[in-house]
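See below for the structure under consideration.
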Amino acid sequence: MFDPMIIIYIYIYIIISLILFDLWYTMNDKLQEKRSNRKLKKYKDIIRKQINIMESDSKMDKKHTKRLRWNFRRINNLLVYQDAIKELHEEDSKKVDEYLVLYAPVFQMVLHFYRKKDSIYKAFLASFLSLYYPFHLNNNSIIDEEIMKYVEDKSIYCRENAMLYFYRRGSTTLIINALRIISDHNLYYNKKLLANDLLKFNGNQEELAQKLFQEFQRFSIDFQVSIVNYLRFSKNDLNKEFYNMLISNEYDKEVNLAIIRYFGSKKYEKVLPYLLELLKNTNKEDVEYRIIATQAIKTYDCQEVRLALIRCISDDNWYVRKNATSSLSKMKLTKTDIKKIEAIEDRYGKEMIEYTFLSNVPDKKGGRKVE
Amino acid sequence: MNNLVEFAKSALVIVDIFFVIYLIGYSTYLFFSTVVGSLMLYKHRNYRKLSNRLNDDYYVPISILVPAHNEELTVVATVKSLLELHYRLYEIIVIDDGSTDNTAKELIEHFHMKKINRPVRKQIKTKSVTEIYEADEYKVKLTLVRKENGGKADALNVGINMSECPYFMSLDADSMLQDDSLENIAKPILEDERIIACGGVVRISNGLEIIDGKINEYHLPKGLLVSMQVLEYDRSFLASRILFDQFNGNLIISGACGLFKKDITLAAGGYDADTVGEDFELVIKLHVFCKMHKIDYTVKYVPEAICWSQAPTTLKDLMKQRKRWNKGLLQGMTKYKELFFNPKYGMISFISFLYYLIYELLTPFIELFGIFTIFLSYQLDLLNIKFMILFMFIYILFGGILSLCTFLSRLHVENIKLSFRDVFKAMALCILEITVLRYIVLLARISSFIGYKKNKKTWDRVERVQVEYKSSKIH
């Protein structure tokens, strides 16, 4: 008859195995650390030697190439190699960069070898190349092509590290191609992260901004929002184009809101009547437009705007009231404006006015040290 | 009489079968949670080692809510630790829930806070707010809200009303975060926009020294009671929750360390002020809300987001704490009894809810019944004492080994180092934890049912120890 205790014995056996694994892992980790330190020293010596050889003979050393190709099949070796490159880079970045360019074919081979490996390893390889490959000396189209395949990987980390490679690579074409792949395949890329990451682009920012705008229509809504948010910080003047998009009513609400925020950073007088109209529109479905407009309009300091904002202090919506008072607090108010503000009878409006104008709390964060 | 004895014997056979199934079920759950927990931690460690992470210079804005009631001994240290987080976009809101000690005074004086008339957006109905103070001189905005006493849930709701960020994090006033805890708990949000809540790990701070948000020194606490709780917490946080995470089945995000998306929480109605287990209740509420409204969502557990919290050091305080936890469990489960065996809720219903019902809520009764049947079996001369002793020995060994395994799996979490002394101490403690602490907790659970209706909203206070937050940044 089946003895249920057998199940418990099996569990105990497996758990003990896990404990032994954990203990072995810790001891192995400590041993690995010592081995890695020895390996690190060895790699540094080998790379220094190659750099010396390279100075007299700019050809790849076959023995060294073979050694790297063999070693990089194991990820731990690549980890140590990265540490070696990092430390040597701090000593003499120019020579290390030249060395990496010379041995680029090794990385081509490794990328090819890692095609079939788990995403976790591919992500690391992309990270290593994004951090250390000297793009200012040489661009390698074979490496570019391989990394482009990583963009489509199911792993978000692999994709992120591949994009970091392209941002550092500085090629507008490659960025656009990568974003096309992500957008077309509906792959996840956090839209706020994208807007932030685009600012890291190492190449010609104006050219990137122009090309992104040219490709605007083919991207998903999330990407369009990210691109508009990125373009807020761009030197390119796209005011006319964005204004036309805004008044066309052909774009998604989120895109329109992003464009309104854009005009909060980049002043364009032609958009002012549109913003003023938004402030007057009390339609509940369009409240988000009003919220964003009350914030963006602070850039357009004039009497008409101040009057419109003063009216918004009595709005039903909390965020409209808050943004209106906040925007007014950043403008040059006349005596007439102040009288009008003081005359507001709405209880909630008064509360907001008191907090924003009378509380005397500094607007900017201080750097006071913790005692 | 003979008929009665025969009936009792037949009944005991059925009871035997019940207990075999019960114990195999529990052992299987513990086994899988330990194995999955350890393997996932190992996997996470490799991910970190091999740069498998998202951009770490983008910040999701977070409001840290710190509800406090009579926390004058710990609140300043907690806020100090929060001001030194390696995070750029956050604010701190301390909600003084009608304290009768100097909680507010300590904060106002130490952080040079000014009284202001800030409007409160009452998105959730709460007890009245009496005063608001702000300090804007530090790297992030610090707000103190004083209000009428209404309980922790009500205090958190006030915090939500006050918060200016799209995400909020609840943190106990006796807890401390590591400098990277906020970063770590927020990271999953960048990876998956469906995430509505993230839970971190609560570790026991007794035995810990933190300097500038980093662990300077850690060893297992000296007290036996607290040391046993360390093992218990590890088993719960580093095993159970990781297992439930695999199928979006976590029903608890600890109130000491949980990140929530504000708009969904507001839509679901915020915290329930009528319960003492507000953390448990909120998470179930979010699950139910999202399922009902067919929202694609996920609740994530982040083992690298660590919060250090004080554990009760006396038996009396431990009993109070566990009674409250059990009351909260009962309240949550009765409020959401629709989750019981309901296909609409999928694995949450058939695994998570069922687990909490059978192996947490009903366990005191089942174990008491078990003790009774042992006694009855002995009286009817049906008890195989040798087998019973062997079984208990194996059960204790199994439980002890599981606890040890989860304790050692903390090796896979960054910044946690273990000394040989601690490992040996843990080996001894894991047996004690199963044999001693477990039964103390059982007693506490049973006592929570006594007088439940009368005391269901009572929050029995646990004594705090003065905490000193060390900062090497001297002003």
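Order-wise, the sequence lines are chains A and B. Heads up: the first sequence begins at 1 in this note's numbering, then just goes up one per residue. Heads up: the second sequence begins at 372 in this note's numbering, then just goes up one per residue. Virtual Cβ for every residue (Gly too), placed ideally from N, Cα, C.
Hey, Gly-571(B) and Ile-556(B): beta-carbon distance below 9 Å or not?
Stepping through the second sequence from its first residue, residue 571(B) is reached at position 200. Stepping through the second sequence from its first residue, residue 556(B) is reached at position 185. For Gly-571(B) and Ile-556(B), yes; Cβs fall inside 9 Å.
Closest to Lys-671(B) by C-alpha separation, out of Ile-722(B), Phe-608(B), Ala-797(B), would be which residue?
Position 300 of the second sequence, counting from 1, holds the residue named residue 671(B). Cα-wise, what sits closest to Lys-671(B) is Phe-608(B).
Quick one: is Arg-612(B) near chain D, going by C-beta distance under 9 Å?
Absent from the structure: chain D. Protein chains present are A and B.
Taking only beta-carbon atoms, is Glu-477(B) less than 9 Å away from chain A?
Within the second sequence, the letter at position 106 stands for residue 477(B). So no, Glu-477(B) is outside the interface.
Cβ neighbour criterion (16 or more within 10 Å) applied to Tyr-726(B):
In the second sequence, residue 726(B) corresponds to position 355, counting from 1. Looking at its Cβ environment, which holds 16 or more other Cβ atoms inside 10 Å, Tyr-726(B) is buried.
Proximal chain B residues relative to Trp-318(A), where beta-carbon distance stays under 7 Å
In the first sequence, the residue the question calls residue 318(A) occupies position 318. Here the neighbours are Arg-492.
DSSP three-state assignment for Arg-416(B), whether helix, strand or coil:
For the purposes of this step, residue 416(B) is identified with residue 45 of the second sequence, where counting begins at 1. In this structure, Arg-416(B) counts as helix in the three-state DSSP scheme.
So, is the C-beta of Asp-346(A) closer than 9 Å to a C-beta in chain B?
As a first step, residue 346(A) is located in the first sequence; it is residue number 346 there, counting from the start. It does not: the Cβ of Asp-346(A) has no partner Cβ on chain B nearer than 9 Å.
Output, in chain order, the set of chain B residues within a Cβ distance shorter than 7 Å of Ser-93(A).
Stepping through the first sequence from its first residue, residue 93(A) is reached at position 93. Ordered by position in chain B, no residue passes the 7 Å Cβ test against Ser-93(A), which lies about 21 Å from the chain.
Going along the chain, which residues of the stretch 387-405 of chain B sit with their C-beta nearer than 7 Å to a C-beta in chain A?
Val-391, Ile-395, Ser-398, Phe-402, Thr-405
What residues from chain B crowd round Phe-124(A), counting only those whose CB sits closer than 8 Å?
One-based indexing of the first sequence puts residue 124(A) at position 124. What Phe-124(A) touches in chain B: Leu-421, Ser-422, Asn-423.
Of the choices Asn-587(B), Ile-586(B), Leu-579(B), Tyr-604(B), whose alpha-carbon is the least far from that of Gly-593(B)?
Taking the second sequence and counting its residues from 1, one reaches residue 593(B) at position 222. Before going further, note that residue 593(B) is Lys rather than Gly in the sequence given. The residue among Asn-587(B), Ile-586(B), Leu-579(B), Tyr-604(B) with its C-alpha nearest the C-alpha of Lys-593(B) is Leu-579(B).
Whole runs of the alpha helix (DSSP H) within the stretch 118-182 of chain A, excluding any shorter than 4 residues
119-132, 141-151, 156-169
Return the chain-ordered list of same chain residues with a C-beta closer than 8 Å to the C-beta of Ser-119(A), the five sequence neighbours on each side being excluded.
Taking the first residue of the first sequence as position 1, residue 119(A) is located at position 119. Cβ within range, chain order: Asp-153, Lys-154, Ser-155, Tyr-157, Cys-158.
Determine, for Leu-23(A), whether the minimum Cβ-Cβ distance to residues of chain B falls below 9 Å.
The sequence position of residue 23(A) within the first sequence is 23, counting from 1. Yes, because at least one Cβ of chain B sits closer than 9 Å to the Cβ of Leu-23(A).
Test item: CB-CB of Glu-603(B) and Ser-409(B) under 9 Å:
Locating residue 603(B) in the second sequence gives position 232, where the first residue counts as 1. Locating residue 409(B) in the second sequence gives position 38, where the first residue counts as 1. Contact: no.
Rounded C-beta distance between Phe-219(A) and Ile-227(A)? I'm assuming under 8 Å.
Indexing the first sequence from 1 puts residue 219(A) at position 219. Indexing the first sequence from 1 puts residue 227(A) at position 227. Confirmed, about 7 Å.
Taking Val-376(B) as the reference, give the member of Gly-717(B), Tyr-810(B), Asp-752(B) with the closest Cα.
Position 5 of the second sequence holds residue 376(B). Among Gly-717(B), Tyr-810(B), Asp-752(B), the Cα nearest to that of Val-376(B) belongs to Asp-752(B).
Close-in-space but distant-in-sequence residues of the same chain around Lys-365(A) (CB under 6 Å, 5 per side omitted):
As a working mapping, residue 365(A) is identified with position 365 in the first sequence. Confidence at Lys-365(A) is low in this model, with a pLDDT of 49, below 50, so its placement is unreliable and no value can be given for it.
Closer than 9 Å, Cβ to Cβ, to anything on chain B: give me those residues from the stretch 199-221 of chain A, in chain order.
Lys-200
Using only the alpha-carbon positions, how far apart do Glu-98(A) and Ile-85(A) sit?
The count along the first sequence starts at 1 and reaches residue 98(A) at position 98. The count along the first sequence starts at 1 and reaches residue 85(A) at position 85. If you take the alpha carbons of Glu-98(A) and Ile-85(A), they lie about 12 Å apart.
Beta-carbon proximity list for Leu-637(B), same chain, < 8 Å, skipping 5 on both sides
Within the second sequence, numbered from 1, the residue matching residue 637(B) stands at position 266. Shown here for Leu-637(B): same chain residues with a beta carbon closer than 8 Å to its own, the five before and five after excluded, namely Gln-494, Ile-495, Ile-531 in chain order.
Counting only C-beta atoms, is Cys-312(A) closer than 9 Å to chain B at any point?
Translated into the one-based positions of the first sequence, residue 312(A) becomes position 312. False, the Cβ-Cβ gap to chain B never drops below 9 Å.
Using three-state DSSP, classify Gly-629(B) as helix, strand or coil.
Position 258 of the second sequence, counted from the start, is the residue given in the question as residue 629(B). Three-state result, Gly-629(B): strand.
Of the residues Asp-252(A), Ile-338(A), Gln-214(A), which one's Cα is nearest the Cα of Asp-222(A)?
Translated into positions along the first sequence, residue 222(A) becomes position 222. Distances from the CA of Asp-222(A) to each of Asp-252(A), Ile-338(A), Gln-214(A) were compared; the closest alpha carbon is that of Asp-252(A).
Which residues in chain A sit within 7 Å of Phe-769(B), going by Cβ to Cβ distance?
In the second sequence, counting from the first residue as 1, residue 769(B) sits at position 398. Here the neighbours are Ile-8, Tyr-11, Ile-12.
Give the C-beta separation of Leu-779(B) and Leu-23(A) to the nearest angstrom, bearing in mind that I take them to be a contact with Cβ-Cβ under 8 Å.
The count along the second sequence starts at 1 and reaches residue 779(B) at position 408. The count along the first sequence starts at 1 and reaches residue 23(A) at position 23. About 7 Å separates the two Cβ atoms, so the contact holds.
Chain A partners of Tyr-716(B), CB-CB under 7 Å?
Start at 1 with the first residue of the second sequence, and residue 716(B) comes out as number 345. Result: empty, since nearest Cβ-Cβ is about 26 Å, beyond 7 Å.
Grouping DSSP H, G and I as helix and E and B as strand, with all else coil, what is Met-5(A)?
Mapped onto the first sequence, residue 5(A) falls at position 5. Secondary structure of Met-5(A) (DSSP, three-state): helix.
Mapping the DSSP letters down to three states, classify Leu-454(B) as helix, strand or coil.
As a first step, residue 454(B) must be located in the second sequence, where it is residue number 83. In this structure, Leu-454(B) counts as helix in the three-state DSSP scheme.
Mark Ile-392(B) as exposed unless 16 or more other C-beta atoms lie within 10 angstroms of its C-beta, in which case mark it buried.
Taking the second sequence and counting its residues from 1, the one referred to as residue 392(B) is at position 21. Exposed, by the Cβ-count rule.
Output needed for Ile-181(A): all residues of its chain with C-beta closer than 7 Å, excluding positions within five of it in sequence on either side, in chain order.
Here residue 181(A) refers to the residue found at position 181 when the first sequence is read from its first residue. Taken in chain order, the residues that qualify are Val-151, Glu-152.
Can you have a look at Ser-127(A) and say buried or exposed, based on whether 16 or more other CB atoms are within 10 angstroms of its CB?
One-based indexing of the first sequence puts residue 127(A) at position 127. Buried, because 16 or more other Cβ atoms sit within 10 Å of the Cβ of Ser-127(A).
Entirely within the stretch 712-786 of chain B and at least 4 residues each: give me those alpha helix (DSSP H) ranges in chain order.
Entirely contained in the stretch 712-786 of chain B, the alpha helix (DSSP H) runs reaching 4 residues are, in chain order, 734-750, 756-779.
Is Leu-425(B) helix, strand or coil when you go by DSSP?
Start at 1 with the first residue of the second sequence, and residue 425(B) comes out as number 54. Here Leu-425(B) sits in coil by DSSP.
Would DSSP call Tyr-99(A) helix, strand or coil?
For the purposes of this step, residue 99(A) is identified with residue 99 of the first sequence, where counting begins at 1. DSSP places Tyr-99(A) within a helical segment (H, G or I) once states are collapsed to three.
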